[in-house]
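*Asks:*
4 protein chains.
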Amino acid sequence: MNEKLSFACDYAKGAHPNIMKRLAETNMMKTAGYGLDEISESARNRIRKACGCEKAAVEFLVGGTQTNAVMIGAMLRSYQGVIAAETGHISVHEAGAIEAGGHKVLALPHRSGKISAEDVEKYLEDYYSDESHEHMVMPGMVYLSHPTEYGTLYTGEELLALRKTCDKYRISLYIDGARLAYALSSPANDVTLPLLAQVCDAFYIGGTKCGALFGEAVVVPDPDRIPHLFTIIKQHGALLAKGRLLGIQFDELFRDDLYMKIGEAAVRAADRIRKALRQKGYRLCFGSPTNQIFCIVENEDLKRLREKVDCEFWEKYDDGHTVIRFATDWGTTESETTALVDLL
Amino acid sequence: MNEKLSFACDYAKGAHPNIMKRLAETNMMKTAGYGLDEISESARNRIRKACGCEKAAVEFLVGGTQTNAVMIGAMLRSYQGVIAAETGHISVHEAGAIEAGGHKVLALPHRSGKISAEDVEKYLEDYYSDESHEHMVMPGMVYLSHPTEYGTLYTGEELLALRKTCDKYRISLYIDGARLAYALSSPANDVTLPLLAQVCDAFYIGGTKCGALFGEAVVVPDPDRIPHLFTIIKQHGALLAKGRLLGIQFDELFRDDLYMKIGEAAVRAADRIRKALRQKGYRLCFGSPTNQIFCIVENEDLKRLREKVDCEFWEKYDDGHTVIRFATDWGTTESETTALVDLL
Amino acid sequence: MNEKLSFACDYAKGAHPNIMKRLAETNMMKTAGYGLDEISESARNRIRKACGCEKAAVEFLVGGTQTNAVMIGAMLRSYQGVIAAETGHISVHEAGAIEAGGHKVLALPHRSGKISAEDVEKYLEDYYSDESHEHMVMPGMVYLSHPTEYGTLYTGEELLALRKTCDKYRISLYIDGARLAYALSSPANDVTLPLLAQVCDAFYIGGTKCGALFGEAVVVPDPDRIPHLFTIIKQHGALLAKGRLLGIQFDELFRDDLYMKIGEAAVRAADRIRKALRQKGYRLCFGSPTNQIFCIVENEDLKRLREKVDCEFWEKYDDGHTVIRFATDWGTTESETTALVDLL
Amino acid sequence: MNEKLSFACDYAKGAHPNIMKRLAETNMMKTAGYGLDEISESARNRIRKACGCEKAAVEFLVGGTQTNAVMIGAMLRSYQGVIAAETGHISVHEAGAIEAGGHKVLALPHRSGKISAEDVEKYLEDYYSDESHEHMVMPGMVYLSHPTEYGTLYTGEELLALRKTCDKYRISLYIDGARLAYALSSPANDVTLPLLAQVCDAFYIGGTKCGALFGEAVVVPDPDRIPHLFTIIKQHGALLAKGRLLGIQFDELFRDDLYMKIGEAAVRAADRIRKALRQKGYRLCFGSPTNQIFCIVENEDLKRLREKVDCEFWEKYDDGHTVIRFATDWGTTESETTALVDLL
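Which chain is which? The protein sequence lines are F, G, L and X, in order.
Numbering that gives the first Met the number 0 puts the first residue of the first sequence at 0, with every later residue one more than the last.
Numbering that gives the first Met the number 0 puts the first residue of the second sequence at 0, with every later residue one more than the last.
Numbering that gives the first Met the number 0 puts the first residue of the third sequence at 0, with every later residue one more than the last.
Numbering that gives the first Met the number 0 puts the first residue of the fourth sequence at 0, with every later residue one more than the last.
1) Quick one: does Met-0(X) have its CB under 8 angstroms from some CB of chain F?
2) Please state if the CB of Thr-66(X) and the CB of Glu-251(X) are separated by a distance shorter than 8 angstroms.
3) Could you check how far apart the C-beta atoms of Leu-172(L) and Met-140(L) are, in whole angstroms? I think they sit under 8 angstroms.
4) State the beta-bridge partners of Ala-201(X) as determined by DSSP.
5) How many Å lie between Ala-258(X) and Ala-180(X) at the Cα?
6) Counting Cβ pairs closer than 8 angstroms, one from the stretch 11-22 of chain F and one from the stretch 220-235 of chain F, do we hit at least three?
7) Identify the continuous alpha helix (DSSP H) that holds Ser-111(G) and give its terminal residues.
8) Can you confirm whether the stretch 260-268 of chain X touches the stretch 32-40 of chain X when touching is taken to mean that 3 or more C-beta pairs between the two stretches lie within less than 8 angstroms?
9) What does the alpha-carbon distance come out to for the pair Thr-331(G) and Gly-262(G)?
10) For the stretch 115-131 of chain X against the stretch 58-73 of chain X, are there 3 or more C-beta pairs whose distance is under 8 angstroms?
11) Look up Ser-5(F) in the DSSP assignment and say whether it is helix, strand or coil.
12) Under 7 angstroms from any heavy atom of the ligand COA, does the C-beta of Thr-289(G) make it?
13) Is Thr-336(X) close to chain G? Criterion is C-beta to C-beta, closer than 8 angstroms.
14) For the stretch 278-298 of chain F against the stretch 308-321 of chain F, are there 3 or more C-beta pairs whose distance is under 8 angstroms?
15) For Thr-154(F), which residues in chain G fall below 8 angstroms Cβ to Cβ?
16) Under the three-state reduction of DSSP, which class applies to Met-0(F): helix, strand or coil?
17) Helix, strand or coil for Arg-282(L), going by three-state DSSP, please let me know.
18) CB Tyr-142(G) to CB Val-190(G), shorter than 8 angstroms?
19) Quick one, which of Lys-302(X), Ile-272(X) and Phe-249(X) has its alpha-carbon nearest Tyr-281(X)'s?
20) Between the stretch 48-57 of chain L and the stretch 192-212 of chain F, do three or more beta carbon pairs fall short of 8 angstroms?
21) Beta-carbon separation of Ile-18(F) and Ala-211(F) under 8 angstroms?
22) Just the Cα atoms here: how many angstroms apart are Phe-109(L) and Glu-117(L)?
23) Check this for me: beta carbons of Leu-343(X) and Leu-276(X), under 8 angstroms apart or not?
24) Are at least three pairs of beta-carbons, each pair with one atom in the stretch 224-242 of chain L and one in the stretch 82-95 of chain X, less than 8 angstroms apart?
25) Locate the beta strand (DSSP E) running through Gly-139(F), then write down its first and last residues.
26) At what residues does the alpha helix (DSSP H) containing Asp-166(L) begin and finish?
27) Ser-131(L) touches chain G at which residues, Cβ-Cβ below 9 angstroms?
28) Are the CB atoms of Lys-208(L) and Ala-160(L) nearer to each other than 8 angstroms?
29) Taking the alpha helix (DSSP H) that Arg-43(G) belongs to, which residues open and close that run?
30) Could you work out which residue in Leu-75(G), Ala-99(G) and Ser-111(G) is closest to Thr-86(G) when comparing CA atoms only?
31) Just to confirm my understanding: we take Met-0(L), look at its own chain, exclude 5 residues before and 5 after, and list those with CB closer than 7 angstroms. What are they?
32) In the stretch 36-69 of chain G, which residues sit with their C-beta less than 7 angstroms from some C-beta in chain F, listed in chain order?
33) Where does the unbroken alpha helix (DSSP H) through Tyr-258(X) begin, and where does it stop?
34) If you draw a straight line from the C-alpha of Leu-107(L) to the C-alpha of Ser-131(F), how long is it?
35) Ignore the nearest five residues each way along the sequence and tell me which others in Ala-68(F)'s own chain have a CB closer than 7 angstroms to its CB.
36) From the DSSP output, in three-state form, read off Ile-231(X) for me.
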């Protein structure tokens with residue numbers, strides 16, 4: 000149906016074959032709804048184990064914007080806001096889902112999609128030293144994404160420093176792992192699931208972009224931190240009736256450590272594409288070491304390129320140039336990559 | 000895994016085989032996200048045709064509570080509320096999702112889960128004749144479910160009368176069709192999809208409980224009625240990245256009129272169960288002619304019954320009795336039904 | 000300007016002369032804004048003393064609906080609702096202000112405007128014993144009004160019992176004292192300010208209807224219960240720039256115990272009117288012993304009555320009769336009352 | 000009580016003597032509540048006349064944050080956001096009141112507190128040309144303040160250009176006139192009330208900072224633009240029971256054109272202070288020609304200064320300097336100004 004080469008996004012295909020197989024096998028089983036079934040419980044246990052955190056609460060949701068809205072709503076008090084990079088997904092591309100829940104996104108300038116402990120510390124210091132701060136939105140948590148929207152990575156050291164700042168000001172730390180598999184498969188990454196469980200009040204392990212049909216697994220290392228999460232999920236319209244569909248997918252993704260390596264093909268392909276782009280004189284941006292590739296193209300070139308390959312308009316660079324994005328995924332094949340490299 | 004007989008709900012299984020087959024076949028296709036793909040467009044066209052409404056907007060969402068929250072939010076102005084039966088799903092079992100969107104549910108007494116044009120008319124008349132009505136929540140729409148939460152059905156005539164009342168007071172009519180397939184397959188039903196398209200400002204065709212893995216298809220007969228619905232869906236965290244998963248399911252459900260007859264086995268089984276219950280002296284409630292069966296049992300009997308079959312606690316009837324529910328579904332087999340009948 | 004006799008409401012006049020005098024005297028003073036001035040602090044201390052609660056937080060707001068929305072928003076978590084009588088002001092006459100804040104009002108049937116500890120206990124017991132309760136709105140607090148919207152009174156014993164129920168289920172108790180002065184001046188009342196401070200997590204002392212131009216004083220006996228209340232007030236648009244205007248009014252209302260007796264004239268007048276109504280054969284309702292008088296009149300009589308005196312339409316009683324309300328206030332004179340009694 | 004010189008803000012005093020006199024005279028009158036009285040109607044008519052707009056809806060609210068939250072909520076659909084300068088009051092100092100209503104503030108960089116038609120046009124053009132714009136918050140209106148938070152002024156021409164941009168993209172224009180009297184009394188101003196009525200979908204005439212005890216008058220030139228505004232006000236807890244208190248104040252402010260000249264003393268005093276500051280070598284900021292004076296002081300100087308005069312910390316300039324604000328008001332006397340000038 001769609002013969003044109005496509006590197007427009009990492010959610011264009013279905014799911015990893017193991018998932019499709021298990022869905023077919025279990026199709027006529029009758030199980031309890033809402034994630035109360037045994038397969039979901041098995042998936043939870045596998046995730047707990049992978050995170051080195053036996054007592055963690057694990058909840059499965061359907062998509063990323065939904066997960067962010069639910070979890071930020073669950074972690075903030077009604078009068079608090081969430082600190083995020085101005086380029087964070089919640090700042091820009093969620094159609095105001097966080098504000099619809101009553102919370103301001105407190106946007107900080109970014110460096111390649113990242114914010115640092117120093118940035119956050121300065122913001123909090125300025126807030127509390129402002130004589131009018133009680134008339135301003137109280138910062139209640141920090142939102143990060145790993146990898147970021149620009150495909151860049153935090154180091155473990157950076158996350159530990161951010162945790163320290165959050166502790167100092169008694170605010171929460173939450174990490175959006177929509178593309179976490181592509182971090183875990185990148186040689187440049189030193190952030191592990193147990194480290195995330197150590198530094199975060201909550202984080203999510205992305206499924207939709209990482210081999211599942213859909214689904215994100217929220218991990219709350221200390222469940223007392225967020226009581227009544229089930230009801231909060233329901234209130235947001237985010238509770239899947241046939242919850243086992245999510246359980247099945249994560250049970251497969253965490254069987255035999257599949258999730259730890261599912262992103263490898265994508266990162267390898269992205270590295271090849273980055274190399275080819277550099278060789279052909281394209282300017283790369285952000286230096287992202289994961290499955291997204293950003294480069295600057297002349298508008299004329301872009302038009303020509305788009306006739307042969309789907310890629311994503313990222314943003315206007317200047318009047319004559321555009322930043323575009325190629326994305327690889329867990330299923331990208333060598334032949335697809337070769338085809339792209341050839342036409343660049 | 001689950002050997003015990005289960006008639007607890009109609010969302011305990013996976014999906015109709017046609018859907019599973021198509022999901023497998025299309026798994027490695029790359030398509031545009033967010034429902035902008037060709038399969039979703041094909042599904043939309045099939046639904047438009049089945050509704051006799053070429054120009055209708057059709058959007059696919061994941062679940063029922065989500066769909067209700069999105070659509071009620073989309074149809075009301077910020078200061079309006081939604082009229083519903085006190086037993087309506089939005090009144091009771093959505094954890095306050097409607098109120099979380101800022102809207103009051105204006106609950107009316109029900110008769111077997113239904114409210115009538117007269118009930119609504121009286122409510123509106125009283126509202127507008129109250130000298131303080133500008134201090135009260137302005138009713139902006141009516142919410143019905145068909146079948147209702149009690150498995151009962153509106154007649155076409157009743158819906159036309161409700162539409163007339165809504166027109167008189169210039170408010171909207173919205174119908175929740177979570178179990179619509181079981182109405183369409185019931186001999187007692189005279190409400191068709193074209194009639195729904197005629198009387199409603201919006202309604203949804205349920206997939207989750209009617210043969211799909213998940214998914215509900217919203218139909219807006221006059222799209223100008225609800226501009227920017229795509230953004231509203233995104234804002235609610237309800238936009239599925241791999242939208243084609245919904246498209247595929249509804250494309251199959253509306254291929255060769257499958258949806259029109261998919262509920263037949265369920266209704267037939269329910270009729271058999273109702274007959275058996277009556278014969279064995281159980282008291283049935285609500286007279287529901289669809290796939291749900293409600294009856295009153297002694298608490299002692301209930302304990303015994305639940306050892307052999309999963310059924311749902313519905314509500315306390317009195318200190319010694321409980322109302323319980325059995326639900327059949329599109330995949331209920333004759334042998335399952337026989338097994339249940341035998342142990343009653 | 001308005002020569003016709005008026006008993007339509009208790010907010011038709013300005014303020015007690017002491018307040019007007021103090022406002023005039025202090026008019027050209029320059030003080031800090033937002034209630035941070037010395038007069039507001041003096042008022043707070045007087046209220047703390049009257050409540051026998053030195054450590055209480057006291058905040059001044061402008062009106063009743065505003066106060067209810069702020070305090071209920073401050074006391075509930077995002078997924079909780081507030082239990083109230085179906086006749087409670089928040090249930091009916093606040094245009095959905097509570098729902099606009101995201102919270103459901105969980106309405107219970109009333110007896111003369113009141114709900115009992117038994118009613119609340121039963122509701123909570125049913126909630127927690129419902130197998131689907133996690134799909135329903137979690138009750139987080141109880142809202143009462145004293146006097147109620149029907150002018151009736153809780154006894155101290157009833158409030159202590161309600162407190163006990165709230166403790167058992169770990170939910171909060173909040174009392175709306177919009178007309179509290181008329182309770183404190185009623186011989187039928189045994190609820191004191193210290194008792195309110197003992198049983199409530201928060202309550203408010205009404206000014207608008209009790210001698211002030213406007214203003215309600217919120218008392219939070221244990222301030223740790225509601226941190227950041229100042230910011231919450233600001234977020235609701237409820238922070239008065241010239242906060243001292245509220246401080247001045249409550250400083251006067253609590254000077255020399257004025258508030259304890261300011262309602263006496265109103266209650267005396269109401270008693271006279273009730274006696275006259277009874278003598279002339281009118282049917283009284285609710286047996287309210289405060290400043291509101293409810294009676295049933297024939298619609299024909301009502302038309303005639305309203306030509307001579309403003310009174311409030313309360314509700315339709317039946318096709319031929321209407322419930323009306325007369326309200327007296329702190330400034331009602333004997334001659335006004337005589338005039339009303341004469342024309343009944 | 001407060002002997003220290005104070006130029007900290009323009010809401011430190013009570014009201015203009017005419018207002019205090021009228022409040023005293025009318026105190027024991029009984030009138031209808033909620034602004035339905037004759038004095039409020041007279042005030043509305045005076046404002047309509049001053050705006051040259053007979054058919055305008057005029058509503059009175061209590062304070063600025065409240066008015067902004069009500070009106071922005073009234074003018075936007077649930078999925079829209081409001082464009083404002085990043086320094087706009089709604090962006091910074093309203094504790095998230097706009098987000099609490101579900102709307103994102105779309106902050107643009109400012110020039111001396113202002114945003115231009117070009118800025119807004121570029122933002123809208125970029126929004127609509129972004130291929131993902133349906134995933135982003137749809138801009139629904141523009142918020143300006145006149146004078147701005149920095150005391151600067153728009154020209155009539157600039158407002159007409161902004162209107163044109165709003166028309167082009169079919170979005171609304173709203174102006175916050177919290178300090179409007181100080182614009183109307185500034186020789187640098189060419190924006191009149193009729194011009195505001197011509198360019199705005201809604202605006203408000205500030206009372207709190209301009210001679211009233213409290214109160215802001217909202218003007219909606221075309222009332223059909225915002226139906227059910229009364230109910231929206233009530234829903235926000237912003238409806239004053241004794242509405243005539245607002246009516247009285249604005250009836251006096253608009254009697255004999257008092258409002259047009261009430262700011263003159265303040266602007267004259269501010270000009271004297273600006274001149275004195277310049278002479279003494281202080282660096283002024285923003286070039287504001289109204290009642291606010293901003294200058295940069297060394298932190299050491301500030302400490303000394305604040306012992307003798309209350310002024311407001313505005314923001315940190317650099318590690319050694321601070322931006323401070325002096326504000327004059329309608330009641331500032333020559334002797335106060337002389338005292339300040341002498342100690343600079």
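All residues carry an ideal CB built from backbone N, CA and C; glycine is no exception.
*Replies:* Short version:
1) For Met-0(X), the predicted model reports a pLDDT of 39, less than 50, meaning its position is unreliable and no value from the coordinates is stated.
2) Taking 8 angstroms as the Cβ cut-off, Glu-251(X) and Thr-66(X) do not qualify as a contacting pair.
3) 7 angstroms
4) Tyr-173(X)
5) Looking at the sequence provided, one finds Tyr at residue 258(X) rather than Ala. Counting only the Cα atoms, Ala-180(X) lies some 6 angstroms from Tyr-258(X).
6) Because the criterion of three Cβ pairs below 8 angstroms is not met, the stretch 11-22 of chain F and the stretch 220-235 of chain F do not touch.
7) Ser-111(G) -> no alpha helix (DSSP H), and no H or E assigned at all.
8) no
9) 10 angstroms
10) no
11) Here Ser-5(F) sits in strand by DSSP.
12) Annotation note on the ligand COA: not contained in the displayed structure, which lists no ligands.
13) no
14) yes
15) Correct list: empty, because the minimum Cβ distance to chain G is about 28 angstroms.
16) With a pLDDT of only 39 at Met-0(F), under 50, the local geometry of the prediction cannot be trusted, and the value read off the model is given with reservation. Coil, per DSSP.
17) strand
18) no
19) Ile-272(X)
20) no
21) yes
22) One detail in the question is off: residue 109(L) reads as His in this sequence, not Phe. Roughly 12 angstroms separates the two Cα atoms.
23) Pairing Leu-343(X) with Leu-276(X) gives a Cβ-Cβ distance under 8 angstroms.
24) yes
25) 137-144
26) 155-168
27) Val-91, His-92, Glu-311 and Phe-312
28) no
29) 37-50
30) Ser-111(G)
31) A caution first: Met-0(L) carries a pLDDT of 39, below 50, which makes its placement in the model unreliable, though a value can still be read off. Cβ within range, chain order: n/a, list empty.
32) Glu-37, Val-61, Gly-62, Thr-64, Gln-65 and Ala-68
33) 257-260
34) 42 angstroms
35) Correct list, in chain order: Ala-96, Ile-97, Gly-100 and His-235.
36) Residue state, collapsed to three classes: helix.
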